[in-house]
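Which chain is which? The protein sequence lines are A and B, in order.
Residue numbers for the first sequence follow my numbering, so the first one is 395 and each next one is one higher.
Residue numbers for the second sequence follow my numbering, so the first one is 196 and each next one is one higher.
I have placed the structure first, in the form of structure tokens, so that the comments after it can refer back to it.
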Amino acid sequence: MRAPNPKIRLPLGSPILELRQLGKSFPGVKVLDGVDFELRRGEVHVLLGENGAGKSTLAKILSGACQKDSGEILLDGQPAEIRNPRHAWALGIGMIYQELNLAPNLTVAENIFLGREHTLVPGVISDRQMRTQAREILDGLRVPLDVRARLGTLGIAQQQMVEIAKALSLHARILIMDEPTSALTGQEIRELFATMRGLKERGVAIIYISHRLEELAEIGDRVTVLRDGHSVATRAVGEVEVSELIRLMVNRELQEQYPRRRTARGAELLRVEHLTQNGRLRDISFVLHRGEVLGLAGLLGSGRSRLARALFGAEPIDSGAIFLEGRPCRIDSPGQAIKLGIGFLAEDRRTDGLVLMLSLRENTSLPSLARFCRWGVVGRARERCASEQYRRQLRIRSQGIEQSVNLLSGGNQQKVVLSKWLCAQARLFIFDEPTRGIDVGAKVEIYEWMNQLTAAGSAILMISSDMPEILGMSDRVLTLCRGAITAELDAEEASQEAIMRGALGVGASPASFSAASPSVAGEKVRPDPDAPDRFNRAQHEQVP
Amino acid sequence: MNKSPELTAPSPEGLRSAESSAVSVGRGRIGRILSRYGRQLGTVTGLLLLCGALTALTPYFLTISNLLNVVQQTAINAIIAAGMTFVIITAGIDLSVGSIVAFAGVVLGSALAGGHSAFFSVMAGLVVGLLCGAANGVLIAFGELPPFIVTLGTMSVARGAALVYTHGRPISGFSAGFRFLATGHVWRIPMPVLIMLAVYGVGHFLLSRTKLGRYTYAIGGNEQATRLSGVNVRLYKTLVYGISGLLSGLAAVILTARLDSAQPIAGIMYELDAIAATVIGGTSLMGGEGKMFGTLVGALIMGVLRDGLNLLNVSSYIQQIVIGSVIIIAVFLDITLKKTKT
Numbered sequence: 395m396r397a398p399n400p401k402i403r404l405p406l407g408s409p410i411l412e413l414r415q416l417g418k419s420f421p422g423v424k425v426l427d428g429v430d431f432e433l434r435r436g437e438v439h440v441l442l443g444e445n446g447a448g449k450s451t452l453a454k455i456l457s458g459a460c461q462k463d464s465g466e467i468l469l470d471g472q473p474a475e476i477r478n479p480r481h482a483w484a485l486g487i488g489m490i491y492q493e494l495n496l497a498p499n500l501t502v503a504e505n506i507f508l509g510r511e512h513t514l515v516p517g518v519i520s521d522r523q524m525r526t527q528a529r530e531i532l533d534g535l536r537v538p539l540d541v542r543a544r545l546g547t548l549g550i551a552q553q554q555m556v557e558i559a560k561a562l563s564l565h566a567r568i569l570i571m572d573e574p575t576s577a578l579t580g581q582e583i584r585e586l587f588a589t590m591r592g593l594k595e596r597g598v599a600i601i602y603i604s605h606r607l608e609e610l611a612e613i614g615d616r617v618t619v620l621r622d623g624h625s626v627a628t629r630a631v632g633e634v635e636v637s638e639l640i641r642l643m644v645n646r647e648l649q650e651q652y653p654r655r656r657t658a659r660g661a662e663l664l665r666v667e668h669l670t671q672n673g674r675l676r677d678i679s680f681v682l683h684r685g686e687v688l689g690l691a692g693l694l695g696s697g698r699s700r701l702a703r704a705l706f707g708a709e710p711i712d713s714g715a716i717f718l719e720g721r722p723c724r725i726d727s728p729g730q731a732i733k734l735g736i737g738f739l740a741e742d743r744r745t746d747g748l749v750l751m752l753s754l755r756e757n758t759s760l761p762s763l764a765r766f767c768r769w770g771v772v773g774r775a776r777e778r779c780a781s782e783q784y785r786r787q788l789r790i791r792s793q794g795i796e797q798s799v800n801l802l803s804g805g806n807q808q809k810v811v812l813s814k815w816l817c818a819q820a821r822l823f824i825f826d827e828p829t830r831g832i833d834v835g836a837k838v839e840i841y842e843w844m845n846q847l848t849a850a851g852s853a854i855l856m857i858s859s860d861m862p863e864i865l866g867m868s869d870r871v872l873t874l875c876r877g878a879i880t881a882e883l884d885a886e887e888a889s890q891e892a893i894m895r896g897a898l899g900v901g902a903s904p905a906s907f908s909a910a911s912p913s914v915a916g917e918k919v920r921p922d923p924d925a926p927d928r929f930n931r932a933q934h935e936q937v938p
Numbered sequence: 196m197n198k199s200p201e202l203t204a205p206s207p208e209g210l211r212s213a214e215s216s217a218v219s220v221g222r223g224r225i226g227r228i229l230s231r232y233g234r235q236l237g238t239v240t241g242l243l244l245l246c247g248a249l250t251a252l253t254p255y256f257l258t259i260s261n262l263l264n265v266v267q268q269t270a271i272n273a274i275i276a277a278g279m280t281f282v283i284i285t286a287g288i289d290l291s292v293g294s295i296v297a298f299a300g301v302v303l304g305s306a307l308a309g310g311h312s313a314f315f316s317v318m319a320g321l322v323v324g325l326l327c328g329a330a331n332g333v334l335i336a337f338g339e340l341p342p343f344i345v346t347l348g349t350m351s352v353a354r355g356a357a358l359v360y361t362h363g364r365p366i367s368g369f370s371a372g373f374r375f376l377a378t379g380h381v382w383r384i385p386m387p388v389l390i391m392l393a394v395y396g397v398g399h400f401l402l403s404r405t406k407l408g409r410y411t412y413a414i415g416g417n418e419q420a421t422r423l424s425g426v427n428v429r430l431y432k433t434l435v436y437g438i439s440g441l442l443s444g445l446a447a448v449i450l451t452a453r454l455d456s457a458q459p460i461a462g463i464m465y466e467l468d469a470i471a472a473t474v475i476g477g478t479s480l481m482g483g484e485g486k487m488f489g490t491l492v493g494a495l496i497m498g499v500l501r502d503g504l505n506l507l508n509v510s511s512y513i514q515q516i517v518i519g520s521v522i523i524i525a526v527f528l529d530i531t532l533k534k535t536k537t
């Protein structure tokens, strides 16, 4: 391990890490496709991008959690391989994860030195030496923490400080922070930023991943935007406007691959008023009509799925009201939601949608089994018949209805989930990421079903991280940011920029960061009339 | 509530034909039967091999009287294991069955000794079993406590209750009418065997044909997805543990009738035999899989093994070692075979 010598300090601003044309693929997807990136000593470099733009994969490669496929990593100008997390530590790269990787039952000092305990004789730990060193590191960070406190008794912000201290005890020169402020309060964020400024002065370079644009202005020096695995542009924070960043994040060519056939908006089917879940969902109100696809856009953690689950009775609601066809109703359990005609295609088919070891037939009838039963005995002929019917209608490719759904492709599994809700005679469908991880052919079939359902008078609430899908399939779009609705856009108003602005909680047309502020709950944000046409070509710019 | 609109199949042009890309099996009918009942066939093969070996080793094994004896000895464990199968399919466990046998037995015995009718006393025993099981179920399903801990606790509680109820003394001397349940024969078949077959018939019907059975598999396969399909998971979990308790009560009735005595220390280690029979019979401890028939064969393997070791004059100390090893080997084989298959 490289021992840092505090006396020899390279000047601030010289590059410490460079990435050249970094590429990474997972089976079937190219996650990173030519990323260029430069990190300088003593800077906070913000990584910005939509869900799935490749930020987390980049962080994983740098922290040794996975390996690059192509491209070059230069550390201090020298080509380097990062073989595994331990090796990354040895190279001076520390990662502060979103969910903290510490042992809550151990003390602060024990956590800082976990795996590298000081020993007097082999196997016997010298607590005192460890505590003294831990104290020194925390003092250097100006963090007043009792090194003997159990970690579990500390708040999230303090635990984060312990993670940072741990990274410093490993002589980290590069820190990667993935959404460190997502669980912190305003005061805690200020303290974290003060600590980060201290680190900068010591020459530590920080890669900062965040969705919060207002933080960018406060702590960032430069920002690199990732989109679909490319690095699109790098800008100095002082010289860039919010609107430009948003354009860089979302600007991509849209293809008309969405066969949405709009139907006349019917009567109101669902009305939600002031729905609130303490701290998580804030005063959410909207209306959904028969024959309508309502898109729900937002970044990860914005509360999209939570809202879906709340409407389905799988999450408690603190206050607010839900009306179906104008009648108020209480939905305390999924069973009640199903009785009211709500179907929920959950985000994760394998954990929330299907019982993988059971057959097509058993999965299809699961929510509506009572319909096939007399005195609790399943009418097998009727069940088989219904299951066959849905298999044919949905063109599920399987070896018949008795095959277990485990080995079906993602698209066919999703169709089985859809068949559950068709069989349960739902008329309000909540699609949470309906086409994630399924092939193009099956995607088009799912979209075709959305057309069929709305044409027949059902309504669909569609959550999606896939911006073209939201734009292509929705009749109306709601954007959600930190648990509150920030914009409602009809099909004409909806553009990638407008949606991203809503998802980031940025006001309508702030000229610069000073004007950017988190929007107030319930505030309707109208898109900037001057926003460029959404069919603008992507500009691959690179600022040296 | 409006009925959902009639839906027709979408017919977008350019969609790939469903049939053309369907995965072909190429294994045919036998393959399908093997894949569905393969695990049970394995267990049956194991039983036949064991019987063959014992027939070769001792002339006393393959006689009508010995075989009847084996089945009769097996009945009590098989009945408890039937309930255990339900529980383990939900990915749970019930360690309290042996203690429930003792508690239900002494309640039944004292009712008989107190002059109540055999019918009333048997009902009392069954109800005690059912209530103990349901208590397990409520704590697990509504209290969201781990099944292992809850049933470990009730294992001690029920045992203590049996001892308190009888002041630690056995209750003996019952009427011939009651004892008929264990010693009687109908069409030359011993009563315990008949009761066992009835339990397996009903159990098989419940698991394969009813809503309860379907939900049992679904909960064990994926509890979260089952809840999100609107199933009242808590209710069905409670029912499943109730069934396990009820069958422990039934086992207590037969045991008390056979011994002509209700003992507060009866049923010790019964949970081991029941779990072993279930697991040897192919029910996965991870939940979601298992068949009544498999458990019956598993219980017979346990019974034949004990009988054979007795016939071969193996000491009861060594028997314990053998039986424990067999359980571990059976589970090991099951897991390795499953790994190689996928």
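Just so it is clear, CB atoms sit at the ideal spot from N, CA and C, and this is done for glycine as well.
The model shown is predicted, which means the values in this text are computed figures rather than measured ones.
My output table needs one value for residue i: the three-state DSSP class, helix, strand or coil.
i, result
"A308/B", "helix"
"I547/B", "Limits of chain B in this structure are 196 at one end and 537 at the other, which puts residue 547/B out of reach."
"T579/A", "coil"
"H512/A", "coil"
"V333/B", "helix"
"L593/A", "helix"
"V799/A", "helix"
"G425/B", "coil"
Can you tell which of the options has the C-alpha that lies nearest to the C-alpha of residue i?
i, options, result
"L454/B", "A248/B, R422/B and S367/B", "S367/B"
"M518/B", "A494/B, T531/B, D529/B and I530/B", "Strictly speaking, residue 518/B in this sequence is Ile, with Met absent from that position. When each option's Cα is compared against that of I518/B, the closest is A494/B."
"G804/A", "I864/A, R778/A and G831/A", "G831/A"
"R549/A", "R525/A, R567/A, T579/A and L564/A", "In the sequence on display, residue 549/A carries Gly and not Arg. G549/A has its Cα closest to that of T579/A, out of R525/A, R567/A, T579/A and L564/A."
"I864/A", "K424/A, S852/A and I893/A", "I893/A"
"E444/A", "G707/A, E709/A, G692/A and W843/A", "G692/A"
"T280/B", "V474/B, K432/B and Q514/B", "V474/B"
"D677/A", "A878/A, G896/A, G428/A and D884/A", "A878/A"
"L688/A", "R584/A, L872/A, K449/A and V556/A", "L872/A"
Based on the DSSP secondary-structure assignment, which residues constitute the bridge partners of residue i?
i, result
"G737/A", "F823/A"
"V666/A", "F680/A and I716/A"
"M856/A", "G689/A and F825/A"
"R434/A", "P409/A"
"H439/A", "I601/A and R616/A"
"T873/A", "A691/A and A881/A"
"H624/A", "R621/A"
"Q351/A", "What the structure shows of chain A is the stretch from 395 to 938, and residue 351/A is not part of that stretch, so it cannot be assessed."
"L675/A", "Q671/A"
"L569/A", "G488/A and I600/A"
"V772/A", "C767/A"
Using a beta-carbon distance below 7 Å, is residue i in contact with chain A?
i, result
"Q419/B", "yes"
"K406/B", "yes"
"R211/B", "Bear in mind that a pLDDT of 36 at R211/B, under 50, signals an unreliable position, so the number given afterwards is only what the model happens to contain. It does; some Cβ of chain A falls within 7 Å."
"L423/B", "yes"
"A336/B", "no"
"G416/B", "yes"
"G483/B", "yes"
"I530/B", "no"
Our contact map puts residue i next to residue j with C-beta atoms below 8 Å; I'd like the distance itself, whole angstroms only.
i, j, result
"L664/A", "L718/A", "6 Å"
"S699/A", "S753/A", "Between S753/A and S699/A the Cβ distance is about 28 Å, and since that is not below 8 Å, they are no contact."
When the cut-off is 7 Å and only beta carbons count, does residue i lie next to chain B?
i, result
"L752/A", "yes"
"G747/A", "yes"
"L760/A", "yes"
"P574/A", "no"
"L763/A", "yes"
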